[in-house]
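For reference, the structure is listed below as structure tokens.
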Amino acid sequence: MKNAKNAHYWQVDNKIKNISQIKGALIVPSAKAWKEISWTKKYFKTRPQYGYFIWVKEKINSPLFTCISLANKNTSQKLQNLLIVEKNLVVKVFGSCNITDKKCSGSHKASGKIVLKPGAILKYEHNHLWGEKNTVKTNYEFDLSEKSELDYIYKNMSAPKELTMDTKVNVSKKAKANLRMSLNCLNSKVDLNDAIILKGQGSHGITRLRLVGRKNSRIKAQSQIVAQAAGQGHLDCQGLLVNDHSEIKLSPELIIKNKKALLTHEASIGKISEQELNYLRTRGFSEKQAINLIINGFLN
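Written out as structure tokens, the structure reads:
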């Protein structure tokens, strides 16, 4: 985020720098929500110390922004975030998790619960930017009520030294989930696990993965769609291996428990085409510039 001071929730290390309220929503630290709003306890796994609670109760006229940063050496973050969007509301959220300095070390652990009430629509863009000294572990669960819609975009243009990422989406009757996740990995060990559970009749789910393995990267990604009801789902998993000293493993998995469901998938791992490189070289780009252009196009 270019100007974190404009975020509705801004945290650096384990200190809240700013909370800015917006008409139609309530934004408080998770610890305060646990203490003062008793019904939120059922959504938290344990009593939270850090993180945010955002409750969108009425129509809001602008997007919500959150920013959580690591700034000091050896800092350890452990966050529990909760976002609830009430019935028939349309909401956009932009979240940023990052380091303020490339030399910054530390760990970032975050668990989150996102609840969409019936008919709610959420577009959530989540951007991560880390360094080679960071370890990151996230665990997010989305609950989509009847006829709600989720468009979740996760971009990690600079993966950390170690990343473990678990994402689960529960999709109710006539609800829709669209997940798009892109990672650019260099000297990284990455373990991704995502699952869409189609729980209601007429539910839809799509997952789109784009993974780039640069030098000394190990990427393991398991994507799953489970059809418990008569829904439809599709997995689109693609990897791009840039360096021989890296590895990408893709494991798409489709599970059908209802004979009226339809699930499909496509998966591939490839390399940068010499033809594309040569074409860009003739246009005046160096090899490094050409590779970066190809990677950016693949991730976007």
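Counting the sequence shown from 1 gives a position; my numbering is that position plus 484. Glycine residues also receive a C-beta, built at the ideal position from the N, C-alpha and C atoms.
Check, Outcome
"Report the rounded CA-to-CA distance for residue 592 versus residue 499, giving the unit in angstroms.", "14 angstroms"
"Mind checking which residues open and close the beta strand (DSSP E) that includes residue 772?", "Note, residue 772: premise wrong, no beta strand (DSSP E); alpha helix (DSSP H) at 771-783."
"What does the alpha-carbon distance come out to for the pair residue 665 and residue 522?", "34 angstroms"
"Taking DSSP as the reference, what is the three-state secondary structure of residue 522?", "helix"
"On the criterion of 16 or more Cβ atoms from any shown chain inside 10 Å, does residue 668 qualify as buried, or is it exposed?", "buried"
"Which runs of the beta strand (DSSP E) spanning at least 3 residues fall entirely within the stretch 610-671, listed in chain order?", "618-628, 633-642, 646-655, 660-669"
"List the whole-angstrom C-beta distance separating residue 583 from residue 613, where the pair is believed to meet the contact cut-off of C-beta under 8 angstroms.", "7 angstroms"
"Using DSSP bridges, identify the partner residues of residue 765.", "Its beta-bridge partners do not exist; DSSP assigns none."
"Mapping the DSSP letters down to three states, classify residue 742 as helix, strand or coil.", "coil"
"So, do the stretch 759-775 and the stretch 730-742 have three or more beta carbon pairs nearer to each other than 8 angstroms?", "no"
"Exposed or buried, what is residue 698 when buried is set at 16 or more other beta-carbons lying within 10 Å of its beta-carbon?", "buried"
"At the level of alpha carbons, what is the spacing between residue 705 and residue 692?", "12 angstroms"
"Run through DSSP, which three-state label would residue 490 get?", "helix"
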